[in-house]
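Novice: Under the numbering used here, think of the first position of the sequence shown as 302, with each following residue one higher. Note that the Cβ used here is the ideal one computed from N, Cα and C, for glycine as well. Pasting a structure here, questions to come.
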Amino acid sequence: MKWILLIAPLVLSLMVFSDASSAEKKVRKVIHSTPPLDYVGLENPLTSADPKTLPDNDPNILAGKRLYGKTCAVCHGVRSDGKGPEAEGFVTPIRPVDLTDPDAIAMLDQSYVLWRIDDGGLDEPFYSAMPGWKDDFTETEKWQIILYLYKNAGVSPKAKN
Ligand code: HEC
């Protein structure tokens with residue numbers, strides 16, 4: 302029976318090790334889901350231009366920048382890279398999205414982003430710390446933030462099908 306004294310710690314340490322590496326694999330980079338029907342296909346009423354191409358001094362970009370800096374940058378970072386000062390403190394494995402990632406808002410159209418700003422991610426399927434902002438901004442302000450999100454991340458919204 303002595304062998305068990307030798308083997309047990311080995312098995313235990315293997316279990317701990319494999320647990321840690323599978324937990325790492327479970328960290329999802331970005332989740333996209335199906336927005337409610339009333340959001341689908343909404344167009345940005347401020348402009349039909351690709352936000353990435355708008356000049357830095359466009360009034361909507363400037364307004365969006367101000368609102369983003371006040372509200373979103375704390376998590377998503379001033380460069381939209383998901384590295385805001387609060388990002389390290391997350392207890393869930395789901396980190397603020399790096400919005401410059403080609404798998405993030407570049408895969409989405411602006412109506413989807415509007416839904417995410419309204420509802421946040423506290424519920425299914427996101428279960429994240431992303432707050433909802435439905436009543437915190439006017440509709441115009443939300444569309445301005447969306448323009449700035451794309452502009453600052455340097456990506457274009459997904460083309461409509
Ligand atoms: C408390 C931290 C926090 C703040 C503040 C925050 N977010 Fe987030 N955000 C997150 C987290 C965490 C996620 C990733 C999980 C998810 O999708 O819910 C996320 C996801 C997103 C996504 C989804 C991106 C994608 O590709 O699916 C968008 C869009 C977004 N945030 C925009 C914003 C905007 C705009 C603001 C400011 C009005 C903001 N966030 C403020 C934490 C935050």
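1. Taking only runs of the alpha helix (DSSP H) that begin and end inside the region 324 to 410, which ones reach a length of at least 4 residues, in chain order?
2. Report yes if the CB atom of Tyr428 is closer than 8 Å to the CB atom of Ile362, and no otherwise.
3. Considering Leu450, what are the terminal residues of the alpha helix (DSSP H) in which it resides?
4. Can you list, in chain order, the residues of its chain with a C-beta nearer than 7 Å to that of Leu518? Leave out the 5 residues immediately preceding and following it.
5. If you check the beta carbons only, do Pro458 and Asp420 fall under 8 Å apart?
6. Is any heavy atom of the ligand HEC found at a distance shorter than 7 Å from the C-beta of Pro403?
7. Run the CB neighbour count on Ser381, radius 10 Å, all protein chains shown included, and call it buried at 16 or more, exposed below.
8. Thr335: beta carbon under 7 Å from a heavy atom of the ligand HEC?
9. Any idea if Lys443 is buried or exposed, counting beta-carbon neighbours within 10 angstroms, 16 or more meaning buried?
Specialist: Let me spell this out:
1. When DSSP assignments are scanned along the region 324 to 410, the uninterrupted stretches of alpha helix (DSSP H) that are 4 or more residues long and fall wholly within it turn out to be 360 to 372 and 374 to 377.
2. The count along the sequence shown starts at 1 and reaches residue 428 at position 127. The count along the sequence shown starts at 1 and reaches residue 362 at position 61. Between Tyr428 and Ile362, the CB-CB gap reaches or exceeds 8 Å.
3. If you number the sequence shown from 1, residue 450 lands on position 149. Glu440 to Ala454 is the span of the alpha helix (DSSP H), which, as asked, contains Leu450.
4. Because the chain in this structure spans residues 302 to 462, residue 518 falls outside the shown range and cannot be described.
5. Against the sequence shown, residue 458 aligns to sequence position 157. Against the sequence shown, residue 420 aligns to sequence position 119. Result no, Cβ atoms of Pro458 and Asp420 do not sit closer than 8 Å.
6. Here residue 403 corresponds to residue number 102 of the sequence shown, with the count starting at 1. Pro403 has its Cβ no nearer than 7 Å to any heavy atom of the ligand HEC.
7. In the sequence shown, counting from the first residue as 1, residue 381 sits at position 80. The residue is buried, with at least 16 neighbouring Cβ atoms inside 10 Å.
8. As a first step, residue 335 must be located in the sequence shown, where it is residue number 34. No, since every heavy atom of the ligand HEC falls outside the 7 Å radius drawn around the Cβ of Thr335.
9. As a first step, residue 443 must be located in the sequence shown, where it is residue number 142. By the C-beta density criterion, Lys443 is buried, having at least 16 other C-beta atoms within 10 angstroms.
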